[in-house]
Amino acid sequence: MYYSNVPSYPSALTGRFDSPSVPRMYNFGSDYSTAPSKRFSDAFNSTKYNFYDSSYKFPSRTRASSVGPPSLRYRDVINPIRAKINTAFSDEKPFESKVYYTRAPSLVKETTRDDLIDSILHTRTSENRRMPGFFTATNWEERNYANVDCDKVHPGIYLANAETVKNIDYLKSIGATHVLNTAEGHVKVNPGMYPLHNINYYGFHVDDHPNANISRFFTRTNNFIEEALNRNGIVVVNCVMGWSRSATVVAAYLVAKKGMTANQAVEQIRRSRPIRPNPGFLNQLSDFDNIFKKRLVW
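Take any residue in the sequence shown, note its place counting from 1, add 64, and you have its number in our numbering.
Structure (structure tokens):
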């Protein structure tokens, strides 16, 4: 046991010190003569406060009691003692706590098929809109009479039906440089006739069915559309009606190359053309969009 006559800590309730004349007893273990215990006692005893010396200058954060000895705040007594104990028990620099903040990847809300359906249902297409190559607005009857149905959905990108890509004169009148046929086999055209008119052609076959896999063509169609726009050309993307397969392909391009979300892409196309991709294609488009969202986050 080790005895010390240093003042005790102030009371947590009254803020006053016990009488310094009462010996304080500290238990440093069975072997109090060991180096750590001695260093502790030396550090503790080296902190001198004379509580009855009127000439003693207390720190600015202290207060004097009108009755009895002046009292110190708890931290004014314990902080110097704690610092000396840390130094006595460690040959190195006293421990300094550091807090490091790491930013975890934020959780991104995934796009679902229902989100895309809502975007389609809540975006209205104008019934009377100007068709490329025409100077006035055209309604459904006028388009049917002209035997073409085409709309500009993005700078350099047009959506069209089957009859439009068969009409070479119309394609030349709007300055088309590329034709992307997403319904090859259903839309019977002669691919060899397009190079004769300086029009690049690419086509593939996929059924307009919810179980059909159209996403496997996204990489090739994105590159084909990107090539046309890089050359300041105009690409006409078609299927049978220009509503489902072709719209899905163009939306995938806007997601992959233009930084849009699937909802933004669908809404932009819908404002210019009454697209209606089937639920299976919307599922694949939402999955495609979620892949790009995760790439941006990670």
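Here a beta-carbon is modelled for each residue, glycine too, at the ideal position from N, C-alpha and C.
Any idea if asparagine 262 is buried or exposed, counting beta-carbon neighbours within 10 angstroms, 16 or more meaning buried?
Here residue 262 refers to the residue found at position 198 of the sequence shown. Classification of asparagine 262: exposed, given that the 10 Å Cβ count is below 16.
Could you tell me whether the region 211-223 touches the region 296-303, where touching means 3 or more Cβ pairs closer than 8 angstroms?
Touching, per the Cβ criterion.
Out of Asp353, Glu331, Gln348, Tyr234, state which residue places its alpha-carbon closest to the alpha-carbon of histidine 186.
Stepping through the sequence shown from its first residue, residue 186 is reached at position 122. When each option's Cα is compared against that of histidine 186, the closest is Glu331.
List the DSSP bridge partners of lysine 216.
Here residue 216 refers to the residue found at position 152 when the sequence shown is read from its first residue. Paired residues: Tyr222.
If we require 3 or more residues per run, which beta strand (DSSP E) segments fall completely within the region 313-354?
Runs found: none.
Can you name, in chain order, every residue of its own chain whose Cβ lies under 6 angstroms from the Cβ of threonine 246, other than the five neighbours on each side?
Taking the first residue of the sequence shown as position 1, residue 246 is located at position 182. Counting only Cβ-Cβ distances below 6 angstroms, and skipping sequence neighbours, we find Cys303, Arg309, Ser310, Val313.
Which word fits alanine 316, buried or exposed, when buried means at least 16 other C-beta atoms lie within 10 angstroms of its C-beta?
As a working note, residue 316 is residue 252 in the sequence shown. When all chains shown are included, alanine 316 counts as buried.
Express the C-alpha separation of threonine 176 and asparagine 347 in angstroms, rounding to a whole number.
Walking along the sequence shown from the start, residue 347 turns up at place 283. Walking along the sequence shown from the start, residue 176 turns up at place 112. Looking at the two C-alpha atoms, the distance is approximately 7 angstroms.
Starting from the C-beta of tyrosine 234, find all residues in its chain whose C-beta is less than 7 angstroms away, skip the five residues before and the five after it, and write them out in chain order.
As a working mapping, residue 234 is identified with position 170 in the sequence shown. Only Gly197, Val212, Thr228 meet the Cβ criterion.
Where does the unbroken beta strand (DSSP E) through leucine 244 begin, and where does it stop?
Along the sequence shown, one-based indexing puts residue 244 at 180. Looking at the DSSP string, the run of the beta strand (DSSP E) that includes leucine 244 is 242-245.
For proline 255, count neighbouring C-beta atoms within 10 Å of its own C-beta (all shown protein chains included) and say buried if the count is 16 or more, exposed if not.
On the sequence shown, position 191 is the one that residue 255 refers to. By the 10 Å Cβ count, proline 255 comes out exposed.
Using the rule of at least 16 other Cβ atoms within 10 Å of the residue's Cβ for burial, across every protein chain shown, is lysine 148 buried or exposed?
Numbered from 1 along the sequence shown, position 84 holds the residue referred to as residue 148. When all chains shown are included, lysine 148 counts as buried.
Could you check the C-alpha separation between leucine 318 and glutamate 205 for me, to the nearest Å?
One-based indexing of the sequence shown puts residue 318 at position 254. One-based indexing of the sequence shown puts residue 205 at position 141. Going by the C-alpha atoms only, they are around 30 angstroms apart.
Which partner residues of glycine 267 appear in the DSSP bridge assignment?
Indexing the sequence shown from 1 puts residue 267 at position 203. The partner list for glycine 267 (beta bridge, DSSP) reads Asn245.
Could you tell me the alpha carbon to alpha carbon distance between asparagine 287 and valine 243, rounded to whole angstroms?
Position 223 of the sequence shown holds residue 287. Position 179 of the sequence shown holds residue 243. Asparagine 287 and valine 243: Cα-Cα distance of roughly 13 angstroms.
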